[in-house]
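Undergrad:
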Amino acid sequence: MGITSNLTLLTVLSVFAALFSVIYQAYLASNDLKSLTKILQNLKVLEHEFKVDKPRVAIGYGSCSDLYVKAVDFLNFTNRIEDLLSQESFNVDDISSEDDFLQSFAYYFQRGAAAELKSHLRPDVRLTGSLIDDDDIHLILEYKTDDEWGTLKSPRANRYILHNDHHNPLISSLEEFEQALPGFDPHLFVVSGLQMMDNYLYEKGVREARIEKVRNQLRTQSSATLIHFEMASFVELELIQLLLKDVMPYSDSIGMNEQELDNLRQVLESGKISLVADCNPRVALSLDQARAVFRMLNEDYFKHRSSDPKRRMISRIHLHTLAYQAILVVKNNRWKNTKNAAAKASLTAHRHVCASTIVNPDAAYRLLDDSFATSTREGADRIPFSDTDPVSCWDETFTFTEEPPVEVQICVAPVLICKIAKQTAGAGDNISGAGLILQI
Numbered sequence: 042m043g044i045t046s047n048l049t050l051l052t053v054l055s056v057f058a059a060l061f062s063v064i065y066q067a068y069l070a071s072n073d074l075k076s077l078t079k080i081l082q083n084l085k086v087l088e089h090e091f092k093v094d095k096p097r098v099a100i101g102y103g104s105c106s107d108l109y110v111k112a113v114d115f116l117n118f119t120n121r122i123e124d125l126l127s128q129e130s131f132n133v134d135d136i137s138s139e140d141d142f143l144q145s146f147a148y149y150f151q152r153g154a155a156a157e158l159k160s161h162l163r164p165d166v167r168l169t170g171s172l173i174d175d176d177d178i179h180l181i182l183e184y185k186t187d188d189e190w191g192t193l194k195s196p197r198a199n200r201y202i203l204h205n206d207h208h209n210p211l212i213s214s215l216e217e218f219e220q221a222l223p224g225f226d227p228h229l230f231v232v233s234g235l236q237m238m239d240n241y242l243y244e245k246g247v248r249e250a251r252i253e254k255v256r257n258q259l260r261t262q263s264s265a266t267l268i269h270f271e272m273a274s275f276v277e278l279e280l281i282q283l284l285l286k287d288v289m290p291y292s293d294s295i296g297m298n299e300q301e302l303d304n305l306r307q308v309l310e311s312g313k314i315s316l317v318a319d320c321n322p323r324v325a326l327s328l329d330q331a332r333a334v335f336r337m338l339n340e341d342y343f344k345h346r347s348s349d350p351k352r353r354m355i356s357r358i359h360l361h362t363l364a365y366q367a368i369l370v371v372k373n374n375r376w377k378n379t380k381n382a383a384a385k386a387s388l389t390a391h392r393h394v395c396a397s398t399i400v401n402p403d404a405a406y407r408l409l410d411d412s413f414a415t416s417t418r419e420g421a422d423r424i425p426f427s428d429t430d431p432v433s434c435w436d437e438t439f440t441f442t443e444e445p446p447v448e449v450q451i452c453v454a455p456v457l458i459c460k461i462a463k464q465t466a467g468a469g470d471n472i473s474g475a476g477l478i479l480q481i
């Protein structure tokens with residue numbers, strides 16, 4: 042009788058515990074949804090606070106046609122791949138065979154790292170350059186968070202891009218783009234697409250000559266035109282060094298993701314390439330890296346500006362990550378509405394990856410912590426996250442040798458991450474564009 046009573050009591054307690062767990066999880070989910078809804082509402086208020094005055098924007102260089110496929114369905118995982126992964130060393134970006142490709146894809150997949158038409162254009166977009174019959178085609182292998190490919194698992198949604206371009210590596214549109222610029226007087230000049238020059242086999246001196254033409258084009262722009270350089274996934278050290286010599290010194294702004302930021306910092310500090318980085322870096326670490334890049338690029342600017350008055354100070358850095366947007370802007374500059382730009386960039390990240398114009402809190406989650414440190418250094422300030430004021434901004438001061446102090450504003454916005462990623466390719470360009478449009 043006693044045993045039966047004890048079993049009955051244990052059964053009742055087990056059922057009660059299970060029921061309590063279900064109710065508690067539902068309670069937490071309800072609170073999360075309320076929080077996400079409040080965050081969304083306040084991000085939208087910031088996004089629509091200021092009217093966009095239809096600025097003129099010139100965008101170079103190149104274009105392509107994208108073909109999207111689901112990576113884990115497109116590629117068959119076999120024991121042969123296991124054997125390839127067991128090899129001690131291989132060059133992940135030197136692809137000359139099927140084995141090379143499979144090794145490279147597996148390398149990036151298990152780290153969650155990215156590897157890189159006229160009738161669709163709005164009527165107010167002016168196309169320069171002649172149309173060609175043979176488009177540069179990019180095969181985009183998309184994968185989602187926790188996608189499994191054999192024994193490998195992806196820590197985040199991303200893409201692996203295969204291309205065999207012939208026009209974009211040569212910046213074939215450069216000359217016709219040059220002819221279209223006079224009289225257009227853009228408020229903003231966006232430099233993008235130069236990653237197509239990465240690991241391309243050129244005749245001696247050809248790439249250097251093409252990038253020199255890009256530099257000359259940037260140097261001839263009016264000081265009234267702001268110039269933004271959109272970084273991408275570069276794996277060739279020589280190309281990044283060319284960009285540091287001929288493109289970034291003539292840019293006001295740089296946009297990049299966490300992998301590209303870490304890569305740029307590594308090159309500036311040590312002259313070495315970083316192929317992959319933490320796919321979900323802490324805010325403090327990313328901000329320290331952004332500060333380091335800001336300082337090193339502007340130390341170079343102050344050192345050489347007297348000998349080359351066409352050089353520009355880097356006055357804006359936009360970092361877009363899975364969990365947050367961070368924008369650093371020099372104060373009392375022409376970049377405006379930094380807080381609003383961070384909010385719009387955040388919402389654009391969700392819309393693009395979910396492939397929807399509607400941001401649905403049910404289809405989103407927040408990865409940003411309830412508070413974050415502004416730096417990894419000891420004693421750094423810690424900023425609490427607020428649903429009612431989701432974009433956190435603060436001021437900092439940079440000091441440079443024999444130069445006046447430089448005051449900057451830093452804003453960090455949470456991303457309402459899309460639960461089911463539909464597309465990741467092109468996210469950086471769209472996010473950067475969204476941030477820029479509210480700042481010019």
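Reminder that position 398 of the sequence shown reads as 439 in the numbering used here, one-by-one numbering, no gaps.
Beta carbons: idealized from backbone N, C-alpha and C, even for Gly.
(1) Straight-line CA distance for HIS359 to VAL247?
(2) Could you pull out every unbroken alpha helix (DSSP H) segment of at least 4 residues lying fully inside the region 187–246, listed in chain order?
(3) Can you tell me whether VAL371 is helix, strand or coil according to DSSP?
(4) State the Cα-Cα distance for the pair THR440 and ALA333, rounded to the nearest angstrom.
(5) Are ARG336 and SER356 close, meaning C-beta to C-beta below 9 Å?
(6) For ALA466, count neighbouring C-beta atoms within 10 Å of its own C-beta (all shown protein chains included) and say buried if the count is 16 or more, exposed if not.
(7) Using a Cβ-Cβ cut-off of 7 Å (strictly less than) and excluding sequence neighbours within five positions of LEU280, which residues of its own chain qualify?
(8) Put PRO431 into one of helix, strand or coil per three-state DSSP.
(9) For the alpha helix (DSSP H) that CYS452 lies in, which residues bound it at each end?
(10) Do GLN282 and LEU302 have their C-beta atoms within less than 9 Å of each other?
(11) Taking 8 Å as the threshold, find out whether the region 117–125 comes into contact with the region 242–262 through three or more Cβ pairs.
(12) Give the straight-line distance between the Cα atoms of LEU479 and ASN381, rounded to the nearest whole angstrom.
(13) Taking buried to mean at least 16 other C-beta atoms within 10 Å of its own C-beta, is HIS361 buried or exposed?
(14) Rounded to the nearest angstrom, how far is the Cβ of ASP293 from that of LEU267, given a contact under 8 Å?
(15) Count the other CB atoms within 10 Å of the CB of ASN298; is the residue buried (16 or more) or exposed (fewer)?
(16) To the nearest angstrom, report how far apart LEU87 and GLY476 are at their CA atoms.
(17) Do the region 313–325 and the region 341–357 meet, that is, are 3 or more Cβ pairs less than 8 Å apart?
(18) Compute the Euclidean distance between the alpha carbons of GLN366 and SER315, then round it to the nearest angstrom.
(19) Kindly list the residues whose CB is nearer than 6 Å to the CB of HIS228, restricted to its own chain and excluding five residues on each side of it in sequence; keep chain order.
(20) Under a Cβ-count criterion, where at least 16 other Cβ atoms within 10 Å of its own Cβ denotes burial, should THR429 be classed as buried or exposed?
(21) Could you compute how far the alpha carbon of ILE451 sits from the alpha carbon of TYR243?
(22) For LEU338 and SER311, I'd like the C-alpha separation in whole angstroms.
(23) Please list, in chain order, all residues of the same chain as ILE472 whose beta carbon is under 6 Å from its beta carbon, the five residues on each side excluded.
(24) Runs of 4 residues minimum, wholly inside the region 296–337: which ones carry the alpha helix (DSSP H) assignment?
(25) DSSP on VAL394, reduced to helix/strand/coil?
(26) Once you ignore the five residues that flank GLU219 on each side, which residues in its own chain have a CB closer than 7 Å to its CB?
(27) Determine which residues share a DSSP beta bridge with VAL98 and list them.
(28) Assign LEU143 to one of three DSSP states: helix, strand, or coil.
(29) Between SER214, PRO431, LYS372, which lies nearest to LEU235 when the distance is taken from Cα to Cα?
(30) Please identify the residue among TYR291, LEU284, GLY296, VAL93 whose C-alpha is closest to the C-alpha of VAL308.
(31) By the three-class DSSP mapping on this structure, what secondary structure does SER294 have?
(32) Do ALA265 and ASP226 have their beta-carbon atoms positioned less than 9 Å apart in this structure?
TA: Let's see:
(1) The residue labelled residue 359 in the question sits at position 318 within the sequence shown. The residue labelled residue 247 in the question sits at position 206 within the sequence shown. Cα-Cα distance, rounded: 31 Å.
(2) 215–221
(3) If you number the sequence shown from 1, residue 371 lands on position 330. Note: VAL371 maps to strand in three-state DSSP.
(4) For the purposes of this step, residue 440 is taken as residue 399 along the sequence shown, with counting starting at 1. For the purposes of this step, residue 333 is taken as residue 292 along the sequence shown, with counting starting at 1. The straight-line gap from Cα to Cα measures roughly 12 Å.
(5) In the sequence shown, counting from the first residue as 1, residue 336 sits at position 295. In the sequence shown, counting from the first residue as 1, residue 356 sits at position 315. The answer is no: Cβ separation not under 9 Å.
(6) Numbered from its first residue, the sequence shown carries residue 466 at position 425. It is buried - the Cβ of ALA466 has at least 16 other Cβ atoms within 10 Å.
(7) Walking along the sequence shown from the start, residue 280 turns up at place 239. Contacts found: MET238, ASP239.
(8) Looking up residue 431 in the sequence shown gives position 390. PRO431 falls in the coil class under three-state DSSP.
(9) Counted from its first residue, the sequence shown places residue 452 at position 411. Taken as a continuous stretch (DSSP letters only), CYS452 belongs to no alpha helix (DSSP H), being part of the beta strand (DSSP E) at 447–455.
(10) Position 241 of the sequence shown, counted from the start, is the residue given in the question as residue 282. Position 261 of the sequence shown, counted from the start, is the residue given in the question as residue 302. Contact flag unset, no.
(11) no
(12) Locating residue 479 in the sequence shown gives position 438, counting from the first residue. Locating residue 381 in the sequence shown gives position 340, counting from the first residue. So the two alpha carbons sit approximately 7 Å from each other.
(13) Counting from 1 along the sequence shown, the entry for residue 361 is found at position 320. HIS361 is buried by the Cβ-count criterion.
(14) As a working mapping, residue 293 is identified with position 252 in the sequence shown. As a working mapping, residue 267 is identified with position 226 in the sequence shown. The Cβ separation is near 5 Å, so the contact holds.
(15) The residue you call residue 298 lines up with position 257 of the sequence shown. Burial call: buried.
(16) Numbered from 1 along the sequence shown, position 46 holds the residue referred to as residue 87. Numbered from 1 along the sequence shown, position 435 holds the residue referred to as residue 476. C-alpha separation (whole angstroms): 12 Å.
(17) no
(18) As a first step, residue 366 is located in the sequence shown; it is residue number 325 there, counting from the start. As a first step, residue 315 is located in the sequence shown; it is residue number 274 there, counting from the start. Straight-line Cα distance between these residues: approximately 22 Å.
(19) Here the question's residue 228 lines up with position 187 in the sequence shown. Same-chain partners within the cutoff: PRO96, ARG97, ILE481.
(20) Your numbering for residue 429 matches position 388 in the sequence shown. It counts as exposed.
(21) Along the sequence shown, one-based indexing puts residue 451 at 410. Along the sequence shown, one-based indexing puts residue 243 at 202. Whole-angstrom Cα-Cα distance: 40 Å.
(22) Here the question's residue 338 lines up with position 297 in the sequence shown. Here the question's residue 311 lines up with position 270 in the sequence shown. If you take the alpha carbons of LEU338 and SER311, they lie about 14 Å apart.
(23) Counting from one through the sequence shown, the residue named residue 472 turns up at place 431. Only HIS361, ALA386, THR389, ALA390 meet the Cβ criterion.
(24) 299–311
(25) By 1-based counting over the sequence shown, the position of residue 394 is 353. Three-state DSSP puts VAL394 in a helix.
(26) As a working note, residue 219 is residue 178 in the sequence shown. Only GLN258 meet the Cβ criterion.
(27) Counting from one through the sequence shown, the residue named residue 98 turns up at place 57. For VAL98, which the question treats as bridged, DSSP gives the partners LEU229.
(28) Here residue 143 refers to the residue found at position 102 when the sequence shown is read from its first residue. The answer is helix: DSSP assigns LEU143 an H, G or I state.
(29) Numbered from its first residue, the sequence shown carries residue 235 at position 194. LEU235 has its Cα closest to that of SER214, out of SER214, PRO431, LYS372.
(30) By one-based count along the sequence shown, residue 308 stands at place 267. The shortest C-alpha separation from VAL308 is found at LEU284.
(31) Position 253 of the sequence shown, counting from 1, holds the residue named residue 294. In the structure shown, SER294 sits in a strand (DSSP, three-state: E or B).
(32) As a position in the sequence shown, residue 226 is number 185, starting the count at 1. As a position in the sequence shown, residue 265 is number 224, starting the count at 1. A contact, by the Cβ cut-off of 9 Å.
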